[in-house]
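Undergrad: The opening position of the sequence shown corresponds to residue 199 in the working numbering, with each subsequent residue numbered one higher.
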Amino acid sequence: MEELRGWIAPIVSLAMLATTWFLASRSARRSEITELELANVKLREQLADVDRRLGAAEMTIRHLPDKDMSHRLEMAIARLEGRMETMDERLKPVAVMAARVQERMFEETR
Numbered sequence: 199m200e201e202l203r204g205w206i207a208p209i210v211s212l213a214m215l216a217t218t219w220f221l222a223s224r225s226a227r228r229s230e231i232t233e234l235e236l237a238n239v240k241l242r243e244q245l246a247d248v249d250r251r252l253g254a255a256e257m258t259i260r261h262l263p264d265k266d267m268s269h270r271l272e273m274a275i276a277r278l279e280g281r282m283e284t285m286d287e288r289l290k291p292v293a294v295m296a297a298r299v300q301e302r303m304f305e306e307t308r
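1) In whole angstroms, what is the alpha-carbon distance linking Ala293 and Met267?
2) Would you please state the rounded distance, in angstroms, between the beta carbons of Ala263 and Leu271? I believe it to be under 8 Å.
3) What's the C-alpha gap between Leu212 and Arg250?
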């Protein structure tokens with residue numbers, strides 16, 4: 199027992215040192231956990247913002263014409279262009295006649 203008395207003080211000191219180190223590292227872990235929780239909150243906010251923006255983009259895309267609708271629009275525009283060219287050709291003689299009538303009226307007023 200006498201031999202153990204000499205070792206009790208260093209053992210207790212080591213135990214106290216280990217306890218102090220454990221508690222100090224545990225509080226450091228708590229601060230790390232707090233930092234991680236704050237980072238997690240920021241990431242959740244960013245994710246919510248991205249989700250909101252993605253929803254808006256999806257709504258915009260839904261309103262855009264699909265492939266078939268685009269093709270139908272192109273065909274309708276081509277038909278309208280053809281009709282306008284035909285109308286232009288039909289109106290050329292009318293324009294010539296209107297120019298002649300205007301010229302004649304101008305000459306009569308002189």
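Ideal Cβ placement from N, Cα and C applies to all residues, glycine included. Only a predicted model underlies this, so the values are computations on that prediction, with no experimental measurement involved.
TA: In brief:
1) Using only the alpha carbons, I get a separation of about 38 Å.
2) Note that residue 263 corresponds to Pro in the displayed sequence, not to Ala. That belief holds up - the Cβ atoms of Pro263 and Leu271 are roughly 7 Å apart, short of 8 Å.
3) Spanning the two alpha carbons is a distance of roughly 56 Å.
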